[in-house]
Amino acid sequence: MASVSQHQLVPWIELPTELIEMIFFHFDDLDTLRAAAHSCSTFYSVFARLDKLLTTPILLRQIHPTVIPDAFAMHASFALPNQKRSTVKLFSKNYLSVEKALPTEWKLSEALPMSRFHKIVSYFATQLASTALNRARDDLRESPRQATPTDTEVCRVQRALYRLQLHCNMFDRLYYISGPMQRKYFFRHFSTWENEQLACVRDLLIGVVAEPYNDLVDHDVRWGCLPRPLSYITFWDLDSAEGEYILAKGLEFLFRLVKTDDYAERRKLLVADDEPAHQPNDRPGRRGDYLRDGLCYLACPPFVDFSRTLGKEQKAAFIGKPFYDDPDPGPAAAWESLAIGLSSRLVGRPGAASCRLWGYVFWDMSRLASLGTLGPYMKADEKVWREREEVKRPERWKLLDKSRKERQKVDQKGGSGWWSFEDQSKVVWERPCP
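Residue numbering for the sequence shown follows the working numbering, starting at 200 and increasing by one per position.
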């Protein structure tokens, strides 16, 4: 059989350099650019000469310029050594205390991790913004306001998600986190309404992890045998230590969790040696309430009475300088409307949970204008309370207790996996099915 030359297999390696350049400049994804650059030596030589010129515009089309500073700081935090408070202090000084000069050009090797992580951020931002807007009052979606989030609104959610990951990277690996440490090195570098945006994505992500987690609470054989019965994670449960422990694993972990349809894989992600997710707070990476506590008690200066008229300078000092100076007054105005009349816990306030679930500090002023003051919207909507009452119903807990007893019987017979009263076909038996 006659041999086939490389040129016969890949005739396009003989394309003129100018045409190869045109092909590269039409790519809109960095993974595609990388795959093309590595497809043959001819393509790679063209790419190597134009690396930054090709990479930079693709990255800036993918990550909005208003989001780049948060993305850049967050990616730098991945390099923080474990369990060293001194490095957290230095990172805060270098990346949060001052306006960091951003690169004007990126090489593919630098930009590709940012691009890949941003796909996860973009996924969650789109999902959370849509979820929040669907929970909002109807008049926020009526004409002339858009029924879907605007680009600027989605960018606000993206920035909050990057800050969530940044908080995880800075603090979750430490053995001990003091309140003043969080305040000094993180929260004070953001305005109060930006910290409330972080509280919003925290609450909304609790709802995201609730479904796969609660499925194990209700149906996993092994979890039914744990000596300490596990509680449900719900939208309204702001004190969910289990939920915060899962959030502290970061957005990449959450993405794998929500995108897998395989029960065994979800269980593997949520279970560590069949121990409950939340462990004592004296171990790094095992904290289950530090973000909630930080938001409630440290994300704004204490004991400022917003019930009286503050001078312009006093108000500006309390609110703080925003990390991103949003030209739209909507988020700041929304936060201030709820802060009027309060004197403490002006961020992450439990009484404002229903407002955070419809993302009140993410929306443009044009969407919020019809509402006037947001004070009346402090009241939890009916859906939140229905969810709360449903979980609290004695019948629900009686059913869970009965389910646990049945799953313990299955475990004693050598079964494991997913079980329900109606369907035992998914149980995996170590021995032949009894």
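For glycine and all other residues, C-beta sits at the position ideal for the given N, C-alpha and C.
* **Span separating the alpha-carbon of L453 from that of A272** => 20 Å
* C239 burial status per 10 Å Cβ neighbour count (16 or more: buried) -> exposed
* N- and C-terminal bounds of the alpha helix (DSSP H) containing W628 -> Here W628 belongs to no alpha helix (DSSP H); instead the beta strand (DSSP E) covers 626-628.
* In whole angstroms, what is the alpha-carbon distance linking M369 and A270? -> 14 Å
* Asked: Distance, Cα to Cα, A463 vs G616?
  -> 8 Å
* Option in I405, P264, K299, V353 with minimal Cα separation from A440 -> I405
* Take K292 as the anchor and find which of F385, A568, R491, G547 has the nearest alpha-carbon. => F385
* In the structure shown, what three-state DSSP assignment does S615 receive? -> strand
* Are the region 592-603 and the region 348-366 touching, with three or more C-beta to C-beta distances below 8 Å? -> no
* Alpha-carbon to alpha-carbon, P549 and D261 -> The sequence shown places Gln at residue 261, not Asp. When rounded, the distance between both Cα atoms is 35 Å.
* Which residues does DSSP pair with D419 in a beta bridge? -> W617
* In angstroms with no decimal places, state the Cα-to-Cα distance between G147 and P312. => No statement about residue 147 is possible, as the shown extent of the chain runs from 200 to 633 and does not include it.
* Apart from the five residues on each side of it in sequence, which residues of its chain come closer than 8 Å, Cβ to Cβ, to Q607? -> G423, C424
* To do: Flag this pair as touching only if the region 352-359 and the region 299-311 have three or more C-beta atom pairs under 8 Å; answer yes or no.
  => no
* Asked: Roughly how many angstroms separate the alpha carbons of K283 and Y361, rounded to a whole number?
  -> 21 Å
* Which stretch, first to last residue, makes up the alpha helix (DSSP H) that contains L450? -> 450-458
* Can you tell which of H274, T391, A235 has the C-alpha that lies nearest to the C-alpha of S314? -> H274
* CB V245 to CB V420, shorter than 7 Å? -> no
* To do: Count the other C-beta atoms from every protein chain shown that fall within 10 angstroms of the C-beta of F301, then say buried if there are 16 or more, exposed otherwise.
  => Note on residue identity: the sequence assigns Leu, not Phe, to residue 301. Exposed.
* CA-to-CA distance, A234 to F522, given in whole angstroms -> 36 Å
* **Own chain partners of D379 with C-beta closer than 7 Å, once the 5 adjacent residues on each side are dropped** => The sequence given here has Pro at residue 379, not Asp. So no residue of the chain qualifies.
* To do: With Q623 as the anchor, note down where its alpha helix (DSSP H) starts and where it stops.
  => Careful: Q623 lies outside any alpha helix (DSSP H) and carries neither H nor E.
* Could you give the distance in angstroms between the alpha-carbon of M564 and the alpha-carbon of S602? -> 49 Å
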